[in-house]
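Numbering (this note's numbering), first residue to last: 2 to 51. Since the structure comes first, as structure tokens, the remarks are kept for the end.
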Amino acid sequence: EEIVGALMALGYSQAEATDAVARADFREDAAIEEKVRLALAYFAKARIAD
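Following this line, the structure appears as structure tokens:
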């Protein structure tokens, strides 16, 4: 999927990227940029919770 590839290009592992895509809250018809932004927001929330 494009979003996983984009996150991997930013340095996240495939497992991290796949997890973020599965857990991020976005509409299926959202633009790729919006999906990447929301996946990155998921990473930020996950790090704060740790």
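All C-beta atoms in this analysis are idealised placements derived from N, C-alpha and C, irrespective of residue type, glycine included.
Cβ-Cβ separation between LEU41 and ASP26: approximately 13 Å, too far for a contact (criterion under 8 Å). In the DSSP assignment, LEU41 falls within the alpha helix (DSSP H) that extends over 33 to 50. In the three-state reduction of the DSSP assignment, GLY6 falls in the helix class, which pools H, G and I.
Around the beta carbon of ILE4, 16 or more other beta carbons sit within 10 angstroms, so the residue counts as buried. In this structure, DSSP gives ASP20 a helical state, which the three-state scheme calls helix.
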